[in-house]
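Residue numbers (the numbering used here), protein chains in the order written: chain X, 85 to 344; chain P, 9 to 312. Let me begin by presenting the structure, written as structure tokens, before commenting on it.
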Amino acid sequence: MTRTRIVRVERTDVECSHTVTIRFQDESLARPGQFAMVWIPGLDEVPMSFSYIGDLKGVTVHNVGEATAALHDASRGDKLGIRGPFGRDYRIEGESILFVSGGTGAASLMPALEVAMGNGIRSTIVIGAKTASELIFVDRAISLGADVRISTDDGSKEYKGFASDLALQVLQEGSFDRVLTCGPERMMKTVVTACLEKGIPVQVSLERFMRCGMGICDSCSFGGLHVCVDGPVFDGKDIIEIEDFGVFRRSADGSREVIP
Amino acid sequence: MADLSVEIAGLRLRNPVMLASGILGETGSSLVRVAEAGAGAVVTKSIGAEPREGYPNPTVVELEAGIINAVGLANPGIAAYVDELKVAAQAEVPVIGSVFGKSEGEMSEIAILMEEAGVSAIELNLSCPHARNVGAELGKDPETVGSVVSAVKKSVHVPVFAKITPNVTDIVDAALAVANSRGDGIVAINTVKAMAICPETGRPFLSNGIGGLSGPAIKPIGVRCVYELYESVDIPIVGVGGILTGKDALEYLMAGAKAVQVGSAAYYRGIEVFGRVVEEIGQFLDEYGYESVGDVVGIAHDEN
Ligand SMILES: Cc1cc2nc3c(=O)[nH]c(=O)nc-3n(C[C@H](O)[C@H](O)[C@H](O)COP(=O)(O)OP(=O)(O)OC[C@H]3O[C@@H](n4cnc5c(N)ncnc54)[C@H](O)[C@@H]3O)c2cc1C
Ligand SMILES: Cc1cc2nc3c(=O)[nH]c(=O)nc-3n(C[C@H](O)[C@H](O)[C@H](O)COP(=O)(O)O)c2cc1C
């Protein structure tokens, strides 16, 4: 069931000054890491990872432009179109998993953390943000019973530095069967490189400009792979050699541009 | 094992299944991957003179038996696309450059740059149903079709195909214009002009309102068009529209197409669809005792 259906906003939760979660009833079967194309009638349609995958689904939106600002302003009863779930999900297996989240990346990782904890997998999550007031889903991760480690770029809470730096430290301290990461691409590349050196399987969730979400329009092309159907969750070993990883993306006209 | 190779306007293809324009063809690396997946040739996204962002999302909506799209000819412009063609040159099959433009002069210039970048043929997109002032606007008028084809033919040495629109009263008129202007072949069909409305919001799904329908829903229309074209023109026809399986492709071949293109099926069956359709054609030909693809081309017209 991936065709567009209209849902009504049931609830919105403020996660931080620039991020809200929108909850809506949708019975599709989504797996952790999958995403939807979210239609704001009359304005735009944008890809969003599911931050809640039960029947009361959720997307967690960072306000960065016109479409995400409109989602920010959404209120109970508003109509949205949902297409999906699309894409590949995280592989959640082993005895211990390290999750590494930068910024809004926590949105895509939270359902994976839920499944891991539910399956009795020992889970540690690094949640990073620029500053303490921008941290999201810390309470949700704690209440799931995960070992939660926090980083802030400015040191306003716990570890001072990038989530990837803290993640490298955590990797030294403990032993992990897998690493799952979502956040800024350069941060993820650091994590992937470290994991592959240590021989730890690692998966990353990528973002690219998208149109169709179903593997035909080529907008989200990534070295011949397509983020919408071959991803958004990729095995680190499959993409580490791809020239674009951490460096280039495609703009709406298809031209290659440097990731800011 | 039946011979699957075909020759079309001097192009030798290892099999008759090509990638259709606008699907997985905006980047060189995707064209290479489709070739690796088994296609006999790959057609680029339609490329214009300048970078173009296309329409805002939603640009695609999925229906029961097809997809409506109004991407709006988004492309990076020929200057940047030349770099993609360099990557695409690694593909072990012919790369065909699809061109759109406002005038015969503009299209000729793009075609020249594509030829310099190594494409094996040009496909003129005279048929995009949702882009204003380009595409179908040109393709609806047989006289304009003729003058564009003549101009581009004079500008390049590689074969020139014209992709024509089904959104006209009689598709044969444009085809005759292509043939009379020494065009090397006809590609039919582009998408069928269409719309879907969301009842709950009272709006069309697509930002552009109108789009083009592709996928299984349009196969009978495409097959009919190719059948009519085969009776009217002598130049080769490439059939496209709603091909998901080898049997779908055989309908087009039997209607008179020498080769086929596959687009939306990359959604329905994944990127592996190209090799699968080739295999399925081969199995069918073997099972029914045909020795080559050529043996079935146009047989639906035979009397008896
Ligand atoms: C698989 C996937 C999952 C995502 N999950 C989330 C999520 O859970 N939470 C979240 O806040 N954001 C997520 N994003 C990013 C989100 O889609 C963009 O932030 C959003 O599209 C921006 O739209 P805008 O109009 O607000 O901003 P704009 O001003 O249009 O653009 C701001 C930035 O967003 C990018 N962007 C714009 N349109 C698109 C598009 N159609 N597809 C992808 N990127 C686009 C632009 O390149 C630019 O960098 C995800 C993206 C992808 C590909
Ligand atoms: C998303 C999408 C984009 C397309 N873009 C182009 C294009 O740029 N140029 C073109 O000639 N045809 C374009 N087409 C039309 C296809 O090449 C093809 O003619 C049509 O989709 C019918 O074939 P199908 O049913 O196998 O998809 C596009 C089709 C789709 C679905």
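Even glycine gets a Cβ: it sits at the ideal position worked out from N, Cα and C. All values reported here derive from a predicted model rather than from experimental measurement.
The stretch 69-87 of chain P touching the stretch 215-230 of chain P, judged by at least three CB pairs closer than 8 Å: Touching, yes, given that three or more Cβ pairs across the two stretches are closer than 8 Å.
Collapsed DSSP secondary structure at residue 206 of chain P in the structure displayed: In the displayed model, residue 206 of chain P falls within a strand according to three-state DSSP.
Bridge-paired residues (DSSP) for residue 132 of chain X: For residue 132 of chain X, the beta-bridge partners assigned by DSSP are X/120.
Closer than 8 Å at the beta carbon, the chain P residues around residue 141 of chain X: Result: empty, since nearest Cβ-Cβ is about 17 Å, beyond 8 Å.
Where residue 177 of chain P falls, given that 16 or more other Cβ within 10 Å makes a residue buried: With fewer than 16 other CB atoms across the displayed protein chains lying within 10 angstroms of its CB, residue 177 of chain P is exposed.
Contact set for residue 270 of chain X: own chain, Cβ-Cβ below 6 Å, skip 5 residues either direction: Hits under 6 Å: 330.
The alpha helix (DSSP H) enclosing residue 141 of chain X, as first and last residue numbers: That residue, residue 141 of chain X, is in no alpha helix (DSSP H); its beta strand (DSSP E) goes 140-146.
Cβ pair residue 305 of chain P, residue 266 of chain P closer than 8 Å: Yes. Within cutoff.
The stretch 92-104 of chain P / the stretch 23-40 of chain P touching (three or more Cβ pairs under 8 Å): Three or more pairs of CB atoms, one per stretch, sit closer than 8 Å, so the stretch 92-104 of chain P contacts the stretch 23-40 of chain P.
Ligand 1 heavy atom lying under 7 Å from the CB of residue 192 of chain X: Within 7 Å of the C-beta of residue 192 of chain X there is at least one heavy atom belonging to ligand 1.
Below-8 Å beta-carbon distance, residue 209 of chain X vs any chain P residue: No - not a single Cβ of chain P is within 8 Å of the one on residue 209 of chain X.
Chain X contacts from the stretch 61-79 of chain P (Cβ-Cβ distance under 8 Å): Within the stretch 61-79 of chain P, the residues whose Cβ lies closer than 8 Å to some Cβ of chain X are 61, 62, 64, 65, 66, 67, 68, 69, 70, 71, 75, 77 and 79, listed in chain order.
Residue 114 of chain X classed as buried or exposed, judged by whether at least 16 other C-beta atoms fall within 10 angstroms: With 16 or more other Cβ atoms within 10 Å, it is buried.
Beta carbon proximity, residue 152 of chain X to chain P, threshold 8 Å: No, no contact with chain P.
Residue 129 of chain X versus residue 186 of chain X: straight-line alpha-carbon distance, rounded: Within the model, the alpha-carbon separation for residue 129 of chain X versus residue 186 of chain X is close to 24 Å.
Separation of residue 252 of chain X from residue 278 of chain X, as counted between CA atoms: Each residue's alpha carbon lies about 7 Å from the other.
Straight-line gap, residue 117 of chain P to residue 316 of chain X (C-alpha atoms, nearest Å): For residue 117 of chain P and residue 316 of chain X, the gap between their C-alpha atoms comes out near 38 Å.
Cβ-based neighbour list, residue 26 of chain P, same chain, cut-off 8 Å, excluding 5 preceding and 5 following: Leaving aside the five residues that flank residue 26 of chain P on each side, the residues in its chain whose CB is nearer than 8 Å to its CB run, in chain order, 47, 48, 49, 50, 51, 104, 246, 267, 268, 269 and 270.
Identified DSSP bridge partners for residue 333 of chain X: DSSP lists X/341 as partners of residue 333 of chain X.
Residue environment, residue 296 of chain P, which counts as buried when at least 16 other CB atoms sit within 10 Å: Residue 296 of chain P should be labelled exposed.
C-alpha gap between residue 305 of chain X and residue 310 of chain P, whole angstroms: Whole-angstrom Cα-Cα distance: 45 Å.
Pick from X/111, X/116 and X/261 that is closest to residue 177 of chain X, judged by C-alpha positions: Ranked by how close their Cα comes to the Cα of residue 177 of chain X, the residues X/111, X/116 and X/261 have X/261 in first place.
Residue environment, residue 203 of chain X, which counts as buried when at least 16 other CB atoms sit within 10 Å: Exposed is the label assigned to residue 203 of chain X, since fewer than 16 other Cβ atoms lie within 10 Å of its Cβ.
Lining residues of ligand 1 - beta-carbon closer than 5 Å to any non-hydrogen atom, in sequence order: Having a Cβ closer than 5 Å to some heavy atom of ligand 1 are X/119, X/130, X/131, X/132, X/133, X/145, X/146, X/148, X/149, X/150, X/151, X/152, X/188, X/191, X/291, X/293, X/294 and X/316.
Check: residue 171 of chain P C-beta below 7 Å from any heavy atom of ligand 2: Within the cutoff, so yes.
Exposure of residue 226 of chain X, with buried meaning 16 or more beta-carbon neighbours within 10 Å: It is exposed - the Cβ of residue 226 of chain X has fewer than 16 other Cβ atoms within 10 Å.
Validate contact between the stretch 167-185 of chain P and the stretch 127-138 of chain P using beta carbons, cut 8 Å, 3 pairs: Touching, yes, given that three or more Cβ pairs across the two stretches are closer than 8 Å.
beta-carbon residue 65 of chain P near ligand 2 non-hydrogen atom, thresh 7 Å: Checking every heavy atom of ligand 2 against the Cβ of residue 65 of chain P, none is found closer than 7 Å.
Residue from X/294, X/341 and X/109 with nearest C-alpha to residue 64 of chain P: With distances taken between Cα atoms, residue 64 of chain P lies closest to X/294.
Near ligand 2: residue 35 of chain P beta-carbon under 7 Å from a heavy atom: Result no, Cβ not under 7 Å from ligand 2.
Test item: CB-CB of residue 111 of chain P and residue 81 of chain P under 8 Å: Not a contact, by the Cβ cut-off of 8 Å.
Rounded C-alpha distance that separates residue 237 of chain P from residue 195 of chain P: Rounded to whole angstroms, the gap between the alpha carbons of residue 237 of chain P and residue 195 of chain P is 10 Å.
Completely contained beta strand (DSSP E) runs for the stretch 165-223 of chain X, where each covers 3 or more residues: Qualifying beta strand (DSSP E) stretches, in chain order: 180-186 and 206-213.
Unbroken stretches of the alpha helix (DSSP H), 4 residues or longer, contained in the stretch 214-289 of chain X: Counting only runs of 4 or more, we get 222-227, 247-257 and 269-282.
From X/103, X/310, X/273 and X/332, residue whose alpha carbon lies closest to that of residue 135 of chain X: Proximity to residue 135 of chain X across X/103, X/310, X/273 and X/332 peaks at X/103, based on C-alpha coordinates.
Buried or exposed by the 16-neighbour rule on C-beta atoms within 10 Å, applied to residue 291 of chain P: In the assembly as shown, residue 291 of chain P is an exposed residue. Its beta-carbon has fewer than 16 other beta-carbons within 10 Å.
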